[in-house]
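In the order they appear, the protein sequences are chains A and B. Residue numbering for the first sequence follows my numbering, starting at 1 and increasing by one per position. Residue numbering for the second sequence follows my numbering, starting at 115 and increasing by one per position.
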Amino acid sequence: DGGITQSPKYLFRKEGQNVTLSCEQNLNHDAMYWYRQDPGQGLRLIYYSQIVNDFQKGDIAEGYSVSREKKESFPLTVTSAQKNPTAFYLCASSVLAGVMNEQFFGPGTRLTVL
Amino acid sequence: GNSVTQMEGPVTLSEEAFLTINCTYTATGYPSLFWYVQYPGEGLQLLLKATKADDKGSNKGFEATYRKETTSFHLEKGSVQVSDSAVYFCALMNTDKLIFGTGTRLQVFP
Numbered sequence: 001d002g003g004i005t006q007s008p009k010y011l012f013r014k015e016g017q018n019v020t021l022s023c024e025q026n027l028n029h030d031a032m033y034w035y036r037q038d039p040g041q042g043l044r045l046i047y048y049s050q051i052v053n054d055f056q057k058g059d060i061a062e063g064y065s066v067s068r069e070k071k072e073s074f075p076l077t078v079t080s081a082q083k084n085p086t087a088f089y090l091c092a093s094s095v096l097a098g099v100m101n102e103q104f105f106g107p108g109t110r111l112t113v114l
Numbered sequence: 115g116n117s118v119t120q121m122e123g124p125v126t127l128s129e130e131a132f133l134t135i136n137c138t139y140t141a142t143g144y145p146s147l148f149w150y151v152q153y154p155g156e157g158l159q160l161l162l163k164a165t166k167a168d169d170k171g172s173n174k175g176f177e178a179t180y181r182k183e184t185t186s187f188h189l190e191k192g193s194v195q196v197s198d199s200a201v202y203f204c205a206l207m208n209t210d211k212l213i214f215g216t217g218t219r220l221q222v223f224p
């Protein structure tokens, strides 16, 4: 089955620790995205990548980092510089970045920083 | 800039009631418009979309019409079911980014 997987579903970390969230897709999509979702708010774009070895900052990139070494993988690192990291993180992909291309979402990772 | 405004929830309905969730947008140019649904503890699924003015998107009994004159994309369903309980997000795409509204929670009771 084609799709997007995110792991783990729940993640707990101590304050001050970096943590990496996994996102893998087997849809052969070029573009991948990371969003953050907070209660009562819409999704906000953290980073996106239109092609391997290239990525751009979204609206709330501070305190996060990404890499895109392989087409199917787009891991997100939440660093200790992120002031309020507890949130639900969603990964998405699309055939290409652009107006006509639907984004497919993974099931999400809920990160709790203690 | 680009933005999406949705009605605040929760929307609480009895089964078989008529549903409307309002969505208006601000955008330069001609955006594409989307409705996504999020069931508890899950990611988002595309529900329907419209790419130009007067287009009607439809899926699973839900409909929304792209109204350029009122900059709106209201979601409707004639008869809701308990299984429709979820959070619904309106979104627009104008270049290569999706801009989301804050989401509207729908609760349907038997």
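The beta carbon of each residue, even a glycine, is placed where N, CA and C say it ideally should be.
Task: Residues sharing a beta bridge with residue 5 (chain A), DSSP - done: A:24
- [ ] Starting from the C-beta of residue 22 (chain A), find all residues in its chain whose C-beta is less than 7 Å away, skip the five residues before and the five after it, and write them out in chain order.
- [x] 6, 7 and 75
Task: CB-CB length for residue 187 (chain B) against residue 150 (chain B), believed under 8 Å - done: With 8 Å as the limit, residue 187 (chain B) and residue 150 (chain B) do not qualify as a contact, their Cβ atoms being about 12 Å apart.
TODO: Can you say whether residue 152 (chain B) is buried or exposed, counting buried as having 16 or more other CB atoms within 10 angstroms of its CB?
DONE: buried
Task: Alpha-carbon to alpha-carbon, residue 164 (chain B) and residue 128 (chain B) - done: 28 Å
- [ ] Flag residue 45 (chain A) as yes if its beta-carbon sits less than 7 Å from any beta-carbon of chain B, otherwise no.
- [x] yes
- [ ] Name, please, each residue of chain B whose Cβ falls closer than 9 Å to the Cβ of residue 102 (chain A).
- [x] 148, 160 and 163
- [ ] Measure how close the beta-carbons of residue 64 (chain A) and residue 48 (chain A) come, nearest whole angstrom, since I'm counting them as under 8 Å.
- [x] No, residue 64 (chain A) and residue 48 (chain A) are not in contact; Cβ-Cβ is about 12 Å, not under 8 Å.
TODO: Give the C-beta separation of residue 139 (chain B) and residue 206 (chain B) to the nearest angstrom, bearing in mind that I take them to be a contact with Cβ-Cβ under 8 Å.
DONE: 5 Å
Open item on the list: Taking the alpha-carbon of residue 215 (chain B) as reference, which of B:192, B:147 and B:177 has the nearest alpha-carbon?
Closed with: B:147
- [ ] Using the Cα positions of residue 208 (chain B) and residue 145 (chain B), report the straight-line distance between them to the nearest angstrom.
- [x] 4 Å
Open item on the list: Could you tell me the alpha carbon to alpha carbon distance between residue 223 (chain B) and residue 19 (chain A), rounded to whole angstroms?
Closed with: 40 Å
- [ ] Please confirm if residue 214 (chain B) has its CB atom under 7 Å from at least one CB of chain A.
- [x] yes
Open item on the list: Check this for me: beta carbons of residue 73 (chain A) and residue 27 (chain A), under 7 Å apart or not?
Closed with: no
- [ ] Please list, in chain order, all residues of the same chain as residue 58 (chain A) whose beta carbon is under 7 Å from its beta carbon, the five residues on each side excluded.
- [x] 45, 46, 47 and 48
TODO: Indicate whether at least one CB of chain A lies closer than 7 Å to the CB of residue 217 (chain B).
DONE: yes
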